[in-house]
Every structure is written in C-alpha cells, then in structure tokens.
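Chains Y and S supply the protein sequences, listed in that same order.
7 is the number that numbering that gives the first Met the number 0 gives to position 8 of the first sequence; each next residue is one higher, with no gaps.
281 is the number that numbering that gives the first Met the number 0 gives to position 282 of the second sequence; each next residue is one higher, with no gaps.
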Amino acid sequence: MKFKTIFTALAVAGCLGATMPASAQDKPASLGLGIFTFTSGPAAAYGMPGKNAADLMIDQINAAGGIGGVKIAPTYVDEAQGAQGVITEYRRLAADPKNQVMLAALSSANCLALAPIAEQLEVPTVGWNCDTHQLLQDGKSKYVFRPNGNTVPEFVAYAVYLLAKKPDVKTVAIINPDYAFGHDAAKIFKAALHALKPDIQVVAELFPKLGSPNYQTEISRLTTARPDVVFSNLWGADLENFVRQAQPRGLFTSSQVILALGETVLQRVPLPDGVIVGVLGDGWWMSPDAEANPETKKFAEAYKARFGEYPVFPSIKMANTILYVKAAYESAMKKNGGKWPSRAEIAEAMKGSAVTTLTGKMQTRPDGDGVVDQIVGVTVKSPTQSFPVIGDMVRYKGDALMPKEGQDPIAWISTLKPEFAASLPKPGSYK
Amino acid sequence: MNAIIPLVLDTLSSAALIFFAAVGLTLVFNVLRVLNVAHGSFYSIGAYVAASICAFIVSRHLNPYLSFVALLFSAALVAVVLGPLIESTLIRWTYGKSEAVQILITFGLFLILEDLQRMVFGVQSFYEDTPMRLMGSSSIGGVVYLNYQMFLVAMAVIVVFGLRLLIKHSRLGRLVTAVVADREMAQSIGVDTNKIFILAFSLGVFLAALGGALAVPTSGVAPGLGADTMVLAFAVAAIGGLGQIEGAALAALIVALARVLAIYFVPSLDAVAPYAAMLIVLLVRPYGLFGAITTRRI
C-alpha cells in the first residue's frame, strides 16, 4: 500500500514536472535549444552553413563555461520535411521544459506557421533567418523575435544601391522563387524602384518553383527581354543552379545582375566581376567591422578549419542569433538576481535589446523585429582569396531603410523620394 | 522570326529532358504492365552516379572528354546492377496483381531508394558540368544557347529511333512484341518471358538513369529530384498513352511547349502548364494521344 502511494506521488510529480512551463528556477543540467534549419534537399546548401555555425558557436560558448554556467544542448529539426512536420517537431520540443528557446526558422513560410504556436505555448522563438515582413506586422507578438531584420530594408537597400551605381537604368527583369520570400522581395524591390525612379519598367517577372533544377527556359526568356538589370533572390541550390546555367549563356554580360543572396555562392561558383551582391543584413565575415573584431576573425578561421570553407552570411546570421539568445539569458539573470530565468523572463529580456554581434549590432524593436545594417556591394577579384569578394561596398543604417513600427511597409516605400536615396551613403563609402 | 526561334529551341531542349524522364516508364508499362512509381529514383540514382564518376575524372585530371563516356557508362552501370536485382526480387511478384498493389509496392521501393540515396550520397547538391563546358555555346537568334542543350535534343532523337529500331526490327524486339501481345502464348512457344521481363525492365532503368545522367551537366542533382521527375514522367506517359514510345516523345514536346509558352507569356502558370496540357488531352482522348482501349481477359 505504502509503495503504491509513493509510486503514485512520484508519477504525479513526474507528470507535473514534464508539463508545467518553466518558471524562475534552479539552473538546469543543460539548456535545450530547438534549432530549425534545412539539413537536406536543395535548401540545405543554405541551411547547412547555418547548422555548422550553430555547432561551432555552441561549442565555443560551452567551452567557455556555457550560459550562466549551463551548457547548451541543441536539437536540430530539418525544415525540409514541410510545415506540418516542422509544427509537430516544434510542439514536441516545446513540451519539454528543458527546451526553453527555439531558433525557428530559416524559411519564411515556416516562421509564419510557427509564430501563432509560439504565442500560444509562450515559448521564446527567434527567427534566425526568415525575412518576410509579414511575420511581425501586427505588432502583437510577445514571444516571437526576428533580430536579423526583414525583407523591407533588405530589398530597399538593393534598389538604392542599384540607382546609385547605375542611375540611367530603364528596364528590370525579376526571377525569384515562387513563395512568400520571392514574391515579397519582388513587391518591395519594384515599389522602391518606382518610388525612387518612376520611369523604370519591369519587363519580365518570373517565379520558378522553389527547388527547380533547370532554368534554361527562364534564362532564354530573360535574355530575350533584354533588360538593363536582372534581379534575383533565388537561394540555396536554386541560386547555384541558376548561376551555373546563366553564366555560360551570357546573362551576366548582357545585363547587370543583382543576386540578393549572392554572397552564399561566392566560394562555390566563380561569379564574374561586377555582380551586385549582398548579405541581407550586415553578416559578412570580411566586412571592415568584422575584420576589426578579433572574435569574428577567430570564428571565421575556426569555421574554415572545421568545415573547409569560410562562413557565408547564413552562418553569421545563426552565430549572431545565438549570441543574441546568450545576451538575453545574461540580461534576464542580471535582472532576477542570478536565478535561472523562465521563458517569460527570457522573452522580456529580448524585447528592445541591443546586442553586439560578430558583425555589428542587433537592435530589437518593441514589436520584436530587428534593426540591422545592410551591406551591399559588387563582386571583385580578391588579392588574398581564391574566390571573388565584395567590393565597392556601402553600409546602410538599418533604421534608415525601415518604416516605423505599425506602418504599412509598401505604403512607406511609396513615400520615398529620390532625395531620400541621395541622402544615404554612396557605393564605395564602406571601407 | 527572331521571336519564334527561342520558343522552338527552348521547347526542343526542354522536351528532350522531359522525354528521357518518361520514356523508360512507358516502356516498362508496355512490356510488364507495371506502373513503376520508383521510376524517378532510377533517374536520380543515374544522376548521382554520373556526377560522382565525372567528379572522379576531373579530380584525377583524366581526359575531360571521358566525362561523356561516363554519362553513358553510369546509366549502364545503374541498369546492370539494379535492373535484374529489382525485377527478379520485387517487380516479378507484382505481375498479375491489381494496379493498386503494384503502385503500393513500387511506391515502397521508391521510398527505400530515396533513403538509400541520402545514405550513400548525402543531402547536399552535386554539380559536375564538365561536359557542358567542353561543348561551349552558340548564339542563335540573338540568344546564347548551350551546345549541350542541342546535344540533348540529338540524344533524344537517337533514343526514339533506336528504340523503334529495337522493337520493330530486331529479334529481341519481336520477342518483346510477342510477350506484350500474349504472354501465355509466347511462353507456350518457348519464349523465356522471365528473361524478356528482366531485359525490358533493365532497359527502362537504363533510360531513366540516362535521363538523370544527361541532366547533371546543366542541372546538378539534389535530394528530391526523383519525386519531381516521377510526377512529370507520369504526366507525359498519360498524355502520350501509357506504353507508347512515340507517344512519349510527342507528349514531351506538348508538355515542354506548354511550359515554355507559360514562361514567356503567362509566368504565373508555369508550374501548372504541363498538368493543364495533360488535363486537356485526357478530356479529349482518355487513353492518351497514342493509347487505345484495351480488352482485358477475365
């Protein structure tokens, strides 16, 4: 009888422990982080550098004693399984109180799917890469953060840079992936161009299926349209495929090409000089700010030694996001007298935080969105590297390219005037 | 005229790749009466093997023109290793069973082969474009085309005529025709139907693997290629009429034309264009362009 009572009590205690949300408590044996990225499929070309960076950064933090003495234990979730699988995995991880924070996700579509669940389950969720401006547009999120910035500053930056570099541009063609990120980027880029130079014509707009292996017909269509500029935010294996197929067909010589995520393929595909590329933020490991930071150099060299190539900007985004989470824990613990923080306390610490990262600063607004500078430049040959690097760079202040909280981004972009672009730093000014 | 040239060339080069994806499927159905859902996996395995062998040739600084041989060799290797093995162990078991059973079994095989590819080749994309670079490019009608694209068209034409020659004018072809017409009668006059099935299935695997291998120099290969290929191959086979090789060639042209026209004039319909073409054809001819109503022995 006695045994039965003790057993029942233990079972009830166990169940309570497993289901109760974590509150301010003793330090756990390890800090679980759910990290969502693409580790398979065509998108893995972009997702794996993120995972690699997470592995390296977590090892470095753990080697230095962890966060507040607690070591990080990541669990990776492959986003290639689709939104339904991602949601199931998120719920499973969130049910374990050890997993206090989720780094989710890479894909904008998955971030949009997970955001309401994060609010419902009250789990601090940091979108480490997803860019869609729709994510935090309602300004009501308490648990969803996206410190790396969004599509609005990212693609307004390309329009501003293009017009500074080629003020006489008349025609533009667009080839973006057929989902939220591709369509949002096209909308923002076109709106910015039309606001800053109203006589620009968009002569072709193509949205091939995400994961398409063959772009030959699209390349013919772009070539026959004879645009001054071809803009693309293809990424991962799609981008690599597009570049490998377009280059021998002369697209890079017949038009000025903008590859918004072009930095990710610099070490893998021999891009010609003069292609406008950027890093959707400030996360370039060779930027002047990064070069001046010994921690960044150390990280880049360790990354190269471990994975055979230097980090690309998704790697830096991931590394910076982990630093952001670490800073939130440290801030929360400072506030509550050194106790291990609850999920709510961590979320509170993230709100409005300003964190120094490997490549600059992440400022989180009260709506959870991040303000990050935007680096854009063109591909140039490097005297020190065997692959092209970014030259003729500009670093736009993040807040200069973002609407105020609650403002409709497309409406804000339409208010921009050529004088606005003229007031921003010029190509080549970031040295 | 200048506006039509790119449409024609894009349709032809696109049709060539689509044809390679579908012809093996339709051949296997014609002879074995099995709808092989795992067909797309043979396509992607061919692509992986070709990419690996070409990469080996490049890494060892061997004559780069060997990469063309490697494309054919890899398809043959996949067919010789997988064709007899899978036909004699799994596919043979499905003969005479209902279509639902055949689809379930070959779908299971597809899932197994997809996971095996991940285990063997990993999850990253592979690129090996040596054959494409060796062939260079040409400007036609103001648009630069890869000579490799024209090479693909030539290969597709060779395969269509080669298969026709094999089926209509060789002893093996006559035996296959006999088995297709009446399996039991062929068996009763001494035709080794098991051997014919193995050969026909292996030829189907070869054609699928060849399609994958030939696609590598322009498209690379990544996990998921098999599933995409399979869906398109079914659409082409349905349009042409299941079991019809010439039908597959014409259907590939129709699908490619639909897609090219969509990209040029209504880009938002790009993804649905092949299936819209399939729907229209099947509404008019439910058995496909070259298909015919078949009687079933009860």
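Note that CB positions come from ideal geometry on N, CA and C, so glycine has one too.
| query | result |
| --- | --- |
| Closest by C-alpha distance to residue 193 (chain Y), when choosing among Y:291, Y:409, Y:36, Y:423 | Y:409 |
| Cα-Cα separation, residue 430 (chain Y) to residue 369 (chain Y) | 24 Å |
| Touch test, the region 163-174 of chain Y against the region 193-202 of chain Y, Cβ-Cβ under 8 Å, three pairs minimum | yes |
| CB contact check: residue 258 (chain Y) to chain S, cutoff 8 Å | no |
| Listed by chain order, chain S residues near residue 208 (chain Y) by CB distance under 9 Å | 227, 269, 270 |
| Bridge partners - residue 228 (chain Y), DSSP secondary structure assignment | Y:171, Y:255 |
| Buried versus exposed call for residue 371 (chain Y) [16 or more other C-beta atoms within 10 Å across all chains shown] | buried |
| Coil, strand or helix - residue 51 (chain Y) by DSSP | helix |
| Proximal chain S residues relative to residue 236 (chain Y), where beta-carbon distance stays under 8 Å | 124, 219, 221 |
| Cβ-based burial, residue 86 (chain S) [other Cβ within 10 Å; buried from 16] | buried |
| Close beta carbons around residue 165 (chain S), own chain, < 7 Å, minus the five adjacent residues each side | 171, 172 |
| CB contact below 8 Å: residue 224 (chain S) versus chain Y | yes |
| Environment of residue 83 (chain Y) [buried if 16+ CB atoms lie within 10 Å] | exposed |
| Within the region 340-428 of chain Y, ranges of the alpha helix (DSSP H) (whole runs, at least 4 residues) | 342-349, 408-413, 417-421 |
| Outcome for residue 219 (chain Y) when other beta-carbon atoms lying within 10 angstroms are tallied against a minimum of 16 | buried |
| Beta-carbon gap between residue 159 (chain Y) and residue 420 (chain Y) smaller than 8 Å | yes |
| Cutoff 8 Å: residue 153 (chain Y) Cβ touching any chain S Cβ | no |
| Near the ligand FAD: residue 83 (chain S) beta-carbon under 7 Å from a heavy atom | As presented, the structure is devoid of all ligands, the ligand FAD included, so that no description of it is given. |
| Spatial neighbours of residue 144 (chain S) in its chain, beta-carbon cut-off 7 Å, leaving aside the 5 residues before and after | 8, 136, 137 |
| Bridge partner(s) assigned by DSSP for residue 203 (chain Y) | Y:172 |
| Enclosing beta strand (DSSP E) for residue 101 (chain Y) [first to last residue] | 98-102 |
| Segment contact, 8 Å Cβ cut-off, at least three pairs: the region 227-234 of chain Y with the region 209-219 of chain S | no |
| Beta-carbon gap between residue 49 (chain S) and residue 205 (chain S) smaller than 8 Å | no |
| Burial state of residue 237 (chain Y), where buried means 16 or more other Cβ atoms lie within 10 Å | buried |
| Contact list for the region 29-52 of chain Y against chain S, Cβ threshold 8 Å | 38, 39, 40, 41, 43, 44, 47 |
| Assigned secondary structure, residue 198 (chain S) (DSSP; H/G/I helix, E/B strand, else coil) | helix |
| Contact with chain Y by residue 64 (chain S), beta-carbon distance below 8 Å | no |
| Reduced DSSP secondary structure (H/G/I, E/B, other) of residue 37 (chain Y) | coil |
| Unbroken beta strand (DSSP E) run spanning residue 138 (chain S), endpoints | 136-139 |
| Chain Y contact for residue 157 (chain S) (CB, 8 Å cutoff) | no |
| Interface residues of the region 9-39 of chain S facing chain A [CB-CB below 9 Å] | No chain A appears in this structure, whose protein chains are Y and S. |
| Any chain S beta carbon closer than 8 Å to residue 455 (chain Y) | Absent from the model: residue 455 (chain Y). The displayed extent of chain Y is 0 to 430, so no value can be given. |
| Residues near residue 366 (chain Y) in its chain [Cβ-Cβ closer than 6 Å; skip 5 each side] | 135, 138, 404 |
| For residue 72 (chain Y), the residue or residues it bridges with in DSSP | Y:31 |
| Rounded Cβ spacing between residue 441 (chain Y) and residue 345 (chain Y) (contact assumed at less than 8 Å) | The requested residue 441 (chain Y) is not part of the displayed model; chain Y covers only 0 to 430. |
| Length of the line joining the Cα atoms of residue 266 (chain Y) and residue 340 (chain Y) | 41 Å |
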